[in-house]
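Enquirer: Protein chains in written order, with the numbering used here: chain A, 5 to 360; chain B, 117 to 461. Sharing a structure, written as structure tokens. Questions coming.
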Amino acid sequence: MNANVKRTIEEAVLPPLVALVVALIVGDLLILAYGQAPSAVWRLLVDGTWGNAYGFGQVLYKATTLTCTGLAVAMSLRAGLFNIGAEGQLAAGGFGAGVAGLALPAGTPAFLAVPICVMAAMLCGGLVGAVPGALRAKFGAHEVIVTIMLNFIVLALLNYFVSAKLHVPETLHTPEVHAGAMPRLSNLIGAFHGSAANWTIVIVALAAVAAWWFLFKTRAGYELRAVGLQPDAAEYAGVKVGITWRNALIVSGALAGLGGINFVLGYKGYYEDGFTGGAGFLGIAVALVGRNHPLGVVLAALFFATLSQGGLAINAMVPKQIVEALQGIVIIAVATSVPEVRRILRNAVSKSGGQN
Amino acid sequence: MRRILTVVGVLLAVHIALLFVRPSGAAVPPTGAGLNVGVVFDLGGRGDKSFNDGAYVGAMRAAEKLGAHVRFVEPGEGSDREAGLRLLAAEGMDLVIGVGFIFTDDLTELAKEYPNVAFAGVDYAVSIDKDGKVVQPPKNMAALKFREEQGSFLVGAIAALVGNSKKMGFVGGMDSPLIHKFEAGYRAGVKAVCADCAVIAQYAGVTPEAFRNPGRGKELALSQYQQGVNVIYHASGSTGLGVFEAARTLNKYGIGVDADQYKEAPGRVLTSMVKRVDNAVYDVISRVKDKSFTGGIYNFGLAEDGVGYVYDANNKALISDAVRARIEALKADIVAGRIAVPSSR
């Protein structure tokens, strides 16, 4: 076997695989503890997700959002930063898309409306990402703290705009967008009927390819990775570390914001308070399991989407907390085996003076 | 690399071994013959001590008394609401229930798509069209609504009769039409037994956060008690826990909402305005069972035992027999239509 391939498998494929099998075993034990047969529950999970077109459509839908938040976190991790603000950025992106869709006159042709709404989503997410980016570049404020806290601020602000200004009475959502709504995949493939999967998936797939191209084929991407691996060395080599960090967090926020169009333009056609439902936080897990590689992120997003949709299917036999526990176990198992995380944790500890 | 592959192999073997374990009593989901009912909870889910738990209790009672097979789905995020309903409808449930006003759009859509399945929505938000007319839900869709103002009227009367003050307190959560309903009923109840009494009404905020702010609740309650109020009725979710906290500190009284909240501050909770989601859910299941189900708007008020007030061994000592008799008379008047309780300010 080629040494390079061997290393890739050893470092990138095996840790998630071990994590997955460990999670399966813990899942078996939890299901047994609940008094059900693991084989029956797993079968129900597969039947309810990849086993039928509707379930598969739902998996695709959920994976679309998770791919965006996963790419967002991966982009920041590649620059050596931990963006925990994808939840707020996702919500801001959805809000931006919703407001843009409302502001456009009805009947705006799709080839104009869709790009405008998508830009609005990425702009809003990027703006939220720019705050920790600028603070990090200018004042060295730790992005973990800033992004976590910013989540609360953004979600509260959006909540205020929706519930005080924009909502349809007796609901938590805005009116439907006038333009920019994305058709569902079921229009093309009838079997998907009823599932929320929509054309956003194409845009997001392009975004994943673009992220890969940016990271591995452009100079800016190379600099970003260099800063992530060793900021001091990168600076010595002439890379402007602060600016790279700021830009990484802006791009990260824009990617998370892009995920907002999946629900807002693709599924419901309006912004609803609380639509994110933790997809931003789950993006951290997606990035870790996907080893910060766009292809890995897509696969990990499909995996977590399967767990999420499967959790509904097996809800008849076991409580949904079992699926949540499984997610947690996968995350812990992967996090302890991924070198990037270990390095970032070590850096964080030494920065805070933990070495004494 | 070989070592890690061995680990994977061993772990896989353990997993496969576990797949063969079949605990006794492992059951397939109960579907098939008989009455099948599916319930999708709101994101808060089970254990909220409010309407989700109420729906659970009602459905379990139906399982016991009517022999219904009940399945529950607990959604995790926004799109799971529709997915949960769809899952149940596609499985051929006889009745699918969504718990919480947030299900309104999803239920309406699915009811149109599955005309042969009965749907019900707890707190379903009935919309009003441009001409001010009520938009009827689809034919196979029952909107289960509660006349909270009637229950609030009775606790208002209790507050005025027991409160020993000319000022009554009210703490609302989010300043919105839904909560104004509670305030309006409460005011009317106070006035009905004490014409020169005044109600001090305050709201914790204008966002849904206002339902989760005990600190603000305590602040508002303390200032009201300081102004000479002895009893405060809250309709504010967990913000109300702050009201009870204040009542405990100053030895005043609070009135609970939705469920019996006596345990939040034993001895300081005068009564609670209870919303019997369990009764409404049981009622709609029994209608499907005896084939008398029809779509439309169902209002659960005092007459239907959909709302009420708590009077039991815990608070007997606080409410004298004379007061109790007066309240029961008012209740009879409302049920008979002799008193019309306003539902908006």
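Every residue, glycine too, gets a C-beta built ideally from N, C-alpha and C.
1) Would you tell me roughly how many angstroms separate the C-alpha atoms of residue 338 of chain A and residue 275 of chain A, rounded to the nearest one?
2) In the structure shown, what three-state DSSP assignment does residue 84 of chain A receive?
3) Give the C-beta separation of residue 397 of chain B and residue 238 of chain B to the nearest angstrom, bearing in mind that I take them to be a contact with Cβ-Cβ under 8 angstroms.
4) Where does residue 388 of chain B fall in DSSP's three states?
5) Does residue 367 of chain B get closer than 9 angstroms to chain A when you measure Cβ to Cβ?
6) Residue 93 of chain B and residue 205 of chain B look like a contact to me (Cβ under 8 angstroms); what is the Cβ gap, rounded to whole Å?
7) Skipping 5 residues on each side, what residues in its chain have a beta carbon closer than 7 angstroms to that of residue 209 of chain B?
8) What residues in the region 313-329 of chain B have a beta carbon less than 8 angstroms from any beta carbon of chain A?
9) Can you tell which of A/133, A/90, A/206, A/197 has its C-alpha closest to the C-alpha of residue 226 of chain B?
10) Check residue 349 of chain B in the structure and name its three-state DSSP category.
11) Answer yes or no: do residue 390 of chain B and residue 360 of chain B have a C-beta to C-beta separation smaller than 9 angstroms?
12) Are there three or more Cβ pairs, one per stretch, closer than 8 angstroms when the region 199-216 of chain A is compared with the region 81-101 of chain A?
13) Nearest by alpha-carbon distance to residue 261 of chain B: which of B/305, B/242, B/281 is it?
14) By Cβ distance, which residues of its chain are closer than 7 angstroms to residue 445 of chain B, with the 5 residues on each side in sequence left out?
15) Counting Cβ pairs closer than 8 angstroms, one from the region 100-119 of chain A and one from the region 222-232 of chain A, do we hit at least three?
16) Report yes if the C-beta distance between residue 93 of chain A and residue 132 of chain A is below 9 angstroms; otherwise report no.
17) Chain A partners of residue 124 of chain B, CB-CB under 9 angstroms?
18) What's the gap between the Cα of residue 297 of chain B and the Cα of residue 122 of chain A?
19) Are any of the Cβ atoms in chain B nearer than 9 angstroms to that of residue 388 of chain A?
20) With C-beta atoms as the reference, is residue 288 of chain B less than 9 angstroms away from residue 315 of chain B?
21) Here's the rule: buried if 16 or more other CB atoms are within 10 angstroms of the residue's CB, otherwise exposed. What is residue 217 of chain A?
22) Checking 9 angstroms against the spacing of the C-beta atoms, do residue 305 of chain A and residue 70 of chain A come in under that value?
23) Is residue 160 of chain A close to chain B? Criterion is C-beta to C-beta, closer than 9 angstroms.
24) Assign residue 192 of chain A to one of two classes, buried (16 or more other C-beta atoms within 10 Å of its C-beta) or exposed (fewer than that).
25) Is the region 25-37 of chain A close to the region 52-72 of chain A, with three or more CB pairs under 8 angstroms?
26) Taking residue 152 of chain B as part of the beta strand (DSSP E), name the residues at either end of that continuous run.
27) In three-state DSSP terms, what is residue 358 of chain A?
28) Drop a sphere of 10 angstroms on the beta-carbon of residue 414 of chain B, count the other beta-carbons inside from all chains shown, and report buried for 16 or more, exposed for fewer.
29) Would you kindly report the start and end of the unbroken alpha helix (DSSP H) that includes residue 237 of chain A?
30) Could you round the C-beta distance between residue 423 of chain B and residue 403 of chain B to whole angstroms and report it? I think they count as a contact, below 8 angstroms.
31) CB-CB under 8 angstroms to residue 243 of chain A, same chain, minus the five flanking residues each way: which ones, in chain order?
32) For the region 289-321 of chain A, list every residue whose C-beta sits within 9 angstroms of some C-beta in chain B, in sequence order.
33) Can you find the residues in the same chain that come closer than 8 angstroms, C-beta to C-beta, to residue 165 of chain A, ignoring five residues on each side of it along the sequence?
34) Per DSSP, which one or two residues make a beta bridge with residue 104 of chain B?
35) What in chain B is Cβ-close to residue 28 of chain A, meaning under 7 angstroms?
Expert: Inspection of the coordinates gives the following:
1) One-based indexing of the first sequence puts residue 338 of chain A at position 334. One-based indexing of the first sequence puts residue 275 of chain A at position 271. Residue 338 of chain A and residue 275 of chain A: Cα-Cα distance of roughly 33 angstroms.
2) For this step, residue 84 of chain A is matched to residue 80 along the first sequence. It is coil, neither helix nor strand.
3) Taking the first residue of the second sequence as 1, we reach residue 397 of chain B at position 281. Taking the first residue of the second sequence as 1, we reach residue 238 of chain B at position 122. Rounded, the Cβ-Cβ distance is 7 angstroms, consistent with contact.
4) Reading the second sequence from its first residue, position 272 is the one you call residue 388 of chain B. Reduced to three states, the DSSP call for residue 388 of chain B is strand.
5) In the second sequence, residue 367 of chain B corresponds to position 251, counting from 1. At a cut-off of 9 angstroms between beta carbons, residue 367 of chain B makes no contact with chain A.
6) In the structure as shown, chain B begins at 117 and stops at 461. Residue 93 of chain B is therefore absent and cannot be evaluated.
7) As a first step, residue 209 of chain B is located in the second sequence; it is residue number 93 there, counting from the start. Result list for residue 209 of chain B: 152, 153, 154, 233, in chain order.
8) For the region 313-329 of chain B, residues whose beta-carbon sits nearer than 8 angstroms to a beta-carbon of chain A comprise 322, 323, 324, 325.
9) In the second sequence, the residue the question calls residue 226 of chain B occupies position 110. Among A/133, A/90, A/206, A/197, the Cα nearest to that of residue 226 of chain B is on A/197.
10) Taking the first residue of the second sequence as 1, we reach residue 349 of chain B at position 233. In the structure shown, residue 349 of chain B sits in a strand (DSSP, three-state: E or B).
11) In the second sequence, the residue the question calls residue 390 of chain B occupies position 274. In the second sequence, the residue the question calls residue 360 of chain B occupies position 244. No, the pair does not count as a contact, with Cβ atoms beyond the cut-off.
12) No, they do not touch.
13) Here residue 261 of chain B is taken as the residue at index 145 of the second sequence, counted from 1. For residue 261 of chain B, the nearest C-alpha among the options comes from B/242.
14) Working through the second sequence from its first residue, we reach residue 445 of chain B at position 329. For residue 445 of chain B, same chain residues with a beta-carbon under 7 angstroms away, outside a window of 5 residues either side, do not exist.
15) Contact between the region 100-119 of chain A and the region 222-232 of chain A is absent, with fewer than three C-beta pairs closer than 8 angstroms.
16) For the purposes of this step, residue 93 of chain A is identified with residue 89 of the first sequence, where counting begins at 1. For the purposes of this step, residue 132 of chain A is identified with residue 128 of the first sequence, where counting begins at 1. Yes.
17) Position 8 of the second sequence holds residue 124 of chain B. Using a Cβ-Cβ cut-off of 9 angstroms, residue 124 of chain B is close to 18, 21, 22, 25 of chain A, given in chain order.
18) In the second sequence, the residue the question calls residue 297 of chain B occupies position 181. In the first sequence, the residue the question calls residue 122 of chain A occupies position 118. Rounded to the nearest whole angstrom, the C-alpha separation of residue 297 of chain B and residue 122 of chain A is 41 angstroms.
19) Lying outside 5 to 360, the shown extent of chain A, residue 388 of chain A is not represented and no answer is given.
20) Along the second sequence, one-based indexing puts residue 288 of chain B at 172. Along the second sequence, one-based indexing puts residue 315 of chain B at 199. In this structure, the beta-carbon distance from residue 288 of chain B to residue 315 of chain B does not fall below 9 angstroms.
21) Here residue 217 of chain A is taken as the residue at index 213 of the first sequence, counted from 1. Under this definition residue 217 of chain A is an exposed residue.
22) Counted from its first residue, the first sequence places residue 305 of chain A at position 301. Counted from its first residue, the first sequence places residue 70 of chain A at position 66. The beta carbons of residue 305 of chain A and residue 70 of chain A sit closer together than 9 angstroms.
23) By 1-based counting over the first sequence, the position of residue 160 of chain A is 156. Under the Cβ distance rule, residue 160 of chain A counts among the residues neighbouring chain B, one pair being separated by less than 9 angstroms.
24) Your numbering for residue 192 of chain A matches position 188 in the first sequence. Label assigned to residue 192 of chain A: exposed.
25) They do not touch, by the three-pair rule.
26) Locating residue 152 of chain B in the second sequence gives position 36, counting from the first residue. Looking at the DSSP string, the run of the beta strand (DSSP E) that includes residue 152 of chain B is 152-156.
27) Counting from one through the first sequence, the residue named residue 358 of chain A turns up at place 354. Caution applies to residue 358 of chain A, whose pLDDT of 42 falls short of 50 and renders its modelled position unreliable; the model cannot decide the point.
28) By 1-based counting over the second sequence, the position of residue 414 of chain B is 298. Looking at its Cβ environment, which holds 16 or more other Cβ atoms inside 10 Å, residue 414 of chain B is buried.
29) Position 233 of the first sequence holds residue 237 of chain A. Residue 237 of chain A: member of the alpha helix (DSSP H) spanning 235-240, first to last residue.
30) Position 307 of the second sequence, counted from the first residue, corresponds to residue 423 of chain B. Position 287 of the second sequence, counted from the first residue, corresponds to residue 403 of chain B. Actually they are not in contact, since the Cβ atoms of residue 423 of chain B and residue 403 of chain B sit about 19 angstroms apart, beyond 8 angstroms.
31) Taking the first residue of the first sequence as 1, we reach residue 243 of chain A at position 239. For residue 243 of chain A, where only same-chain residues beyond five positions count, the Cβ hits under 8 angstroms are 227, 230, 231.
32) Near chain B, meaning a CB-to-CB distance below 9 angstroms, the residues of the region 289-321 of chain A are 312, 313, 315, 316, 317, 319, 320, 321.
33) Locating residue 165 of chain A in the first sequence gives position 161, counting from the first residue. Excluding residues within five positions, the ones whose Cβ falls inside 8 angstroms are 99.
34) As shown, chain B starts at 117 and ends at 461. That puts residue 104 of chain B outside it, with no answer to give.
35) Residue mapping note: residue 28 of chain A aligns to position 24 of the first sequence, counting from 1. 131, listed in chain order.
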